Structure formats: structure tokens, C-alpha cells
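Top line first, the protein sequences correspond to chains A and B. FYI, the numbering used here numbers position 16 of the first sequence as 16, with every residue one higher than the one before it. FYI, the numbering used here numbers position 71 of the second sequence as 1071, with every residue one higher than the one before it. Glycine residues also receive a C-beta, built at the ideal position from the N, C-alpha and C atoms. All of these numbers come straight from a predicted model, not from anything done at the bench. Before any comments, here is the structure.
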Amino acid sequence: MFNTIQIICASEKNRTILRGIFKTLGADAVFSNDLNDALSVFEKARPAAVFIVDGEEPPAEIQLRELRRVAPFIPVIPLLKRRDATRAVGLMKAGALDCAQSPWTEEELRPLYRKALKLSGTVIELDSSALKRRRRALTLLLAAFFAFTGFAGGLYYGFNKYSPVARQPHSFYLPYSHPTGLVIKKDSVVISDWYSQGLYEHNTNNFGIKKVTSLAEVTPVAMAASQDALWLAGANGVIEKRLLDARYSVASKTAVFKPTPDSVCFDGLYFWTADSRTGTITKRMPDDALGMIRNFKYPGRKLSALTCDTRFLWVADSGLRGLAKLSLDDPERIISVTELDVYASKTLKITAMASKNGTIWFAGEDGDKALAFYKDEPK
Amino acid sequence: MPVKTGTKRWPSIKMNRNKADHFIPVVIKTSLDLPPLWGRLSFLSPDEAELVSHFELPEGRVVALTFELGRAAFEDIRARIKKALRDSDGYYNYSLSFLDPAQSGPIKSAIAEGSAR
Chain A
1 MFNTIQIICA SEKNRTILRG IFKTLGADAV FSNDLNDALS VFEKARPAAV
51 FIVDGEEPPA EIQLRELRRV APFIPVIPLL KRRDATRAVG LMKAGALDCA
101 QSPWTEEELR PLYRKALKLS GTVIELDSSA LKRRRRALTL LLAAFFAFTG
151 FAGGLYYGFN KYSPVARQPH SFYLPYSHPT GLVIKKDSVV ISDWYSQGLY
201 EHNTNNFGIK KVTSLAEVTP VAMAASQDAL WLAGANGVIE KRLLDARYSV
251 ASKTAVFKPT PDSVCFDGLY FWTADSRTGT ITKRMPDDAL GMIRNFKYPG
301 RKLSALTCDT RFLWVADSGL RGLAKLSLDD PERIISVTEL DVYASKTLKI
351 TAMASKNGTI WFAGEDGDKA LAFYKDEPK
Chain B
1001 MPVKTGTKRW PSIKMNRNKA DHFIPVVIKT SLDLPPLWGR LSFLSPDEAE
1051 LVSHFELPEG RVVALTFELG RAAFEDIRAR IKKALRDSDG YYNYSLSFLD
1101 PAQSGPIKSA IAEGSAR
């Protein structure tokens, strides 16, 4: 704080008193003998306030007038030699900030000195308080912003880290009980059901039914598809080739196969059928008659369902309680067997399979319910 | 109809220093036996006033104020100190209520005259 004050005092005795008081108050006091002396050093001293001793020459009113002429806003405080309220008010009317009464003591002068120093604050001080208010508001705003950002970030981080990941279900219960065939399309899954004699097209994501096609003349026991055709194996041993139109129109039919195949698939080049009762896998030509090329004996324990893709034959083996991978060139050799945890249910009977894009789909009966599920292809 | 003789608080004088003269100097009589004190009115209405002084006075004390407002002069206006607060510099801010309705009338007139000008 700028603490230089000017004291106009001719009396050496009073100077001594005032010097001690203002030193105690922490002021840097500059003494002048009279008004002329004061004005001559005024520019150099640049005091924050002027204290004038009343009762000296020239009178305090004149000193006030001259000082205010030089520095209109400087606080001037007359030091009265006695308590004279009328004179004090008169001097205040003349422009004095306030008046100190006698005896001059530290306690008496402290409030006047401190107030005078504050009054001597420049306009910059006035603005600085406004600036401080703005700065405080800005600081609070920034703090609120960062607090909100931190809170939101923490919430987002915590939510991501600790909230359970929404997992897409890999298993779906079916609203019918006897699935027999499974075909994977681009964004849907088609399942045949022998009991209701229908084809059910499900949405892949939520497995809601998109379409139902009734097969009044066929009891489907197996199903396969290619790019442009759908094969339905009937309970009568006949395999129908159907078009992929809205009504799955019949394109051709085979003769009756004995034994009746209960699994069929198309590997892109050949057609395959399987009979779970005998464990026979048959490789066929993909023509209308599906002429047999060769029979293979399934080398596993119990063939439940069969499917294929362009690389392998896949067999759900209830005896091995897993998924067997067979070579297309030599189906009598098991390449690998991967355990299926769904076989933990002793009542599960897998009845249909399909393979597409590295995913193996299954459909089956489990007690009085039917379900479909899929798993990634074993490495 | 209150009149702000400057601003309401003494410290705000520093923000309106060029208006410091506008604070009304006032003589404060506390007792017939004691010499009067002085201060300034920072707020004035016909019923209430705020007084700033470096002299300490107790709450509840009745004081008599002498001051000028425009062309009117008021002498020994009786008021009671309702509340006293000391600021960080050591000055006291007193909240006063005038006691004599008969004295409030002329103050009201003076304020109205001052406001009209």
C-alpha cells in the first residue's frame, strides 16, 4: 500500500509527537513547515494524504483550498487542537475528509489514516475491484466448468468401466418345439419346424419372427440352401428344390431316398445328406435328382445333425458331446472335436445346423422347448 | 423519499471521491455535558439516516444531529442509534431513526425541495 503522507506542521514539538504516531502506524511521513514548503515538495513526495495542523498560519481553510487546487481529490485531514465539532464540520464543508481531535494519539489517528490511505486509492483501484469481481466470476465459471467436465468424464469413464457390457444373446428360445432345418440368410435365420409344417424367418438380432411360410404338403425334416435355391427334405424321403421367392415355389423333387435323410447341406460344389440313425453321410451331385456319389460312415459316436461350408463338414455329436470337424475330401476322418457346453443339458437334442461366415448355428429341442444358438467356428 | 447524501457506505467514498463533499457533515451531540462530535450522513430520509464517524457511540444512545441540507439548516434533530457497525478501518457506521415526527416534516420538505432542483 502506498503510505506516504505529508504533514504540514510548524511546531517542532507537534512534529515529534506526530512522527512517533505515524511511524507506529507504518506511514512514511514527510514533514513541511508551512503550505509553501508543502507545495514545493508536493509533486516530488506525491503523498497519499495530507494532514494539516490546525491553528497555524495560514489558516486551515486556506491550506485546504490551495491543496485542493493542486490536487482536487487528495484527502486532507486537519488535526484540531481541541474537540470543536463546529469547526470540524466547517472544515469538512470546506473540503476536509475528516478532522482529528486533540489529543492526537495513535488510536485517534489510526482510522483517519487508514481511511485516508484507502481514499487515496486511484481510479485503478476502483476498477481493480470490478476486475476482481469479474475475475472471481470467471474463476468460478471456469471452476464450475472443469468440475462439471471432470464429473461428466468420471461418470462416463466409470459407466464404461464398471457397467456390465450389454452382450448380445447367443441363444434364443423358439416359439415352436420341433426345429429340423436351419438356413442363414443375410440378416435373418430361417428355421423349419416339422410339427407345425412351417418355415419361420427370424430377425438375426432379436430373433423376432419376420415371416412364416406354411408348408401344407411337406413335413420338413431337414433343410439346406444355396445362393439361389432351398432344399427341403421331407419325412417321406423326398427332397424338394425350391426357389427363394416369397412362397418358396417348388422347382424340382427327387425320388424317395431310403433311408430318409434327416440332415442336408450344400458345400457349394456337392450336396450332402446324412442319416442320424445309421450314421451315414452321403455325398451327392447337386442336380435335380441329387444323385449319390458315395456313402461315408460317420467315424464319431452319434451323429445328431450335419452341416457344411466350402471347407469342412460339421457334425453335432451327442455321443462326443461336441462339434466334430470333418474333411470334405475324407468325411471318415475327424479333424477335431470341440466340446459344446450346451450339452451340459442332458435333454438337449440338436436337430439342425448351418455354417456361415465363421459361425456355426444350431437348433434343437430341449425338453418341451426348442432353441437356437450359435458359436464361433472352432479354430 | 430518501436522499443519498453520497453513497450508502463510507468505503464507497473512495469510489466516488469527487463526490466526497456531497456527504453532509454533521455535528453530533451526545450529552449536554460533553463536547459535540462530528461525522457525515451517508443516507438521509424523513424517518431514518445513516451516519459515519470515527467516534464510537453505543447502540440505543439518543443523539442530536445538526446539519444543513440545501438551504435548510437543521439543529438538534433527535435520533436513536439502532445499530452500529465498525468497518475495517475503524470507522463506525450508525443506523439512526428519527424520534420526533415534528422534526421529520421539515426534513421531508427539504428533501423534496432538493429533489425538485
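- Considering only A:A27, A:M223, A:S102, A:V30, the residue with the shortest C-alpha distance to A:D54 is A:S102.
- Excluding residues up to 5 positions away in sequence, A229, W231, A251, S252 lie with their Cβ nearer than 6 Å to the Cβ of A:K241 in the same chain.
- A contact between stretches requires three or more CB pairs, one per stretch, nearer than 8 Å, and the region 39–47 of chain A meets this requirement with the region 58–73 of chain A.
- Per the coordinates, the alpha-carbon of B:F1043 lies some 15 Å from the alpha-carbon of B:G1070.
- Residue range 359–366 is occupied by the beta strand (DSSP E) that includes A:A363.
- The beta carbons of A:W194 and A:T219 sit closer together than 8 Å.
- Your pair A:A224 and A:F266 checks out as a contact, with CB atoms roughly 5 Å apart and the cut at 8 Å.
- A contact is defined here as three or more CB-CB pairs under 8 Å, and the region 143–163 of chain A fails this definition with respect to the region 184–191 of chain A.
- By the Cβ test, the region 293–305 of chain A is in contact with the region 319–335 of chain A, since at least three Cβ pairs between them sit closer than 8 Å.
- Within the region 1071–1099 of chain B, D1089, G1090, Y1091 place their CB atoms closer than 7 Å to a CB of chain A, listed in sequence order.
- For the alpha helix (DSSP H) assignment, the uninterrupted runs of no fewer than 4 residues enclosed by the region 15–49 of chain A are, from N- to C-terminal side, 35–45.
- In its chain, beyond the 5 residues on either side, K1029, D1076, R1078 have a beta carbon closer than 6 Å to the beta carbon of B:A1064.
- Residue pairing by DSSP places A:V70 opposite no residue, since no beta bridge is assigned to it.
- Considering only beta carbons, the part of the region 72–92 of chain A lying closer than 7 Å to chain B consists of F73, R83, A85, T86, A88, V89, M92, in chain order.
- The way I'd put it, the region 1080–1096 of chain B does touch the region 102–115 of chain A; three or more beta-carbon pairs between them come closer than 8 Å.
- Between the alpha carbons of A:T105 and A:A144 lies a gap of roughly 49 Å.
- In the structure shown, A:Y195 adopts coil according to DSSP, grouped into three states.
- Residues of the region 47–59 of chain A whose Cβ lies closer than 7 Å to any Cβ of chain B: none.
- When only Cα atoms are considered, A:D34 and A:I52 end up about 9 Å apart.
- Within the model, the alpha-carbon separation for B:N1093 versus A:I62 is close to 30 Å.
- Contacts with chain B at 8 Å (Cβ-Cβ) include A:R110.
- Close to B:V1026, with beta-carbon spacing below 8 Å, are these residues of chain A in chain order: V89.
- If only uninterrupted beta strand (DSSP E) runs of at least 3 residues are considered, those enclosed by the region 201–274 of chain A are 209–214, 220–225, 229–234, 239–243, 250–253, 263–266.
- In the three-state reduction of the DSSP assignment, B:R1061 falls in the coil class.
- Taking all protein chains in view, the Cβ of A:F2 is surrounded by fewer than 16 other Cβ atoms within 10 Å, so the residue is classified as exposed.
- The beta strand (DSSP E) runs lying completely inside the region 137–182 of chain A and spanning 3 residues or more are 171–174, given in chain order.
- In the structure shown, the three-state DSSP call for A:S318 is coil.
- A direct Cα-Cα distance of roughly 22 Å separates A:E12 from A:E107.
- DSSP lists no beta-bridge partner residue for B:T1030.
- A direct Cα-to-Cα measurement between A:E339 and A:F362 gives close to 14 Å.
- Bounds of the beta strand (DSSP E) holding A:M353 are 348–356.
- Each residue's CA atom was taken as its position, placing B:S1045 and A:R19 some 42 Å apart.
- Going by beta carbons, A:V76 and A:G90 fall outside the 8 Å limit.
- Sorting A:T347, A:D366, A:R311, A:D329 by C-alpha distance to the C-alpha of A:K379 places A:R311 at the top.
- Contacts between B:P1058 and chain A, judged by CB atoms closer than 8 Å, are missing: the closest CB pair is about 17 Å apart.
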